[in-house]
Amino acid sequence: MDQGSAAHSAPSIFVILPDGQELRGRLHARRQVQDGWLYQVGILVWQDGANGSAEPAEQRVWVPPAYARPVPGVSYERVPTRHLSGPDGPSQERPPAWTLQYLPHRPGHPGATLLHVVGCTPSDRTLTREEALAALRQPRAAACIECDAARSLIHET
Numbered sequence: 023m024d025q026g027s028a029a030h031s032a033p034s035i036f037v038i039l040p041d042g043q044e045l046r047g048r049l050h051a052r053r054q055v056q057d058g059w060l061y062q063v064g065i066l067v068w069q070d071g072a073n074g075s076a077e078p079a080e081q082r083v084w085v086p087p088a089y090a091r092p093v094p095g096v097s098y099e100r101v102p103t104r105h106l107s108g109p110d111g112p113s114q115e116r117p118p119a120w121t122l123q124y125l126p127h128r129p130g131h132p133g134a135t136l137l138h139v140v141g142c143t144p145s146d147r148t149l150t151r152e153e154a155l156a157a158l159r160q161p162r163a164a165a166c167i168e169c170d171a172a173r174s175l176i177h178e179t
């Protein structure tokens, strides 16, 4: 599959640029690093084409969670995800973590909160098990079924 068709199969994500602009891009991959997660996002920009024309080209870059925000209703379940492994990877002394996604209020639908396992959706803050359980006790809060956040809370010791 060439990069152009891969770009069309990647789910949409909001990308925050250094100057604060927010664009809709594509999420191509996510990888766990020592201190959290990075997301490979792509945005469509113009490049010089043949005979002085302009043609679209995708620019991809790895960004921290603060620069990538999920699009409500978009599934990130099939995004290639690489977890740390080996001596630098998760260990018994580092328990699982969770994140919250705030779904805004819109006409006919009250706002809600969705709990995820770290890596399911971009987020810049992680929660402990106790914080995750407390968040789920709040009105209009639910656990993500795609990352099975509820099961991860049950199996965490």
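Counting in the working numbering, the sequence shown runs from 23 upward without gaps. All residues carry an ideal CB built from backbone N, CA and C; glycine is no exception. Remember, it's a predicted structure, so these values are computed and weren't measured experimentally.
query, result
"What is the rounded straight-line gap between the Cα of L175 and the Cα of A76?", "50 Å"
"Could you please give me the residues that DSSP links to H131 through a beta bridge?", "R128"
"Answer yes or no: do V140 and W84 have a C-beta to C-beta separation smaller than 8 Å?", "no"
"G108 to L155, Cα distance in whole Å?", "In this prediction, G108 scores a pLDDT of 49, lower than 50, which makes its location untrustworthy; the coordinate-derived value is nonetheless stated afterwards. The alpha-carbon atoms of G108 and L155 are separated by roughly 29 Å."
"With three or more beta-carbon pairs closer than 8 Å as the criterion, would you say the stretch 124 to 131 touches the stretch 67 to 82?", "no"
"Please list the terminal residues of the continuous beta strand (DSSP E) segment that includes L49.", "E44 to V55"
"Could you tell me which residues DSSP puts in a beta bridge with D41?", "The partner list for D41 (beta bridge, DSSP) is empty, contrary to what the question assumes."
"Specify, as a first and last residue, the run of the beta strand (DSSP E) that R91 falls within.", "A90 to P92"
"Between R46, A171 and E80, which lies nearest to T121 when the distance is taken from Cα to Cα?", "A171"
"State the Cα-Cα distance for the pair E153 and Q160, rounded to the nearest angstrom.", "11 Å"
"Since S145 contacts P87 with CB under 8 Å, what's their CB separation in whole angstroms?", "5 Å"
"Between N73, P92 and E80, which lies nearest to Y61 when the distance is taken from Cα to Cα?", "P92"
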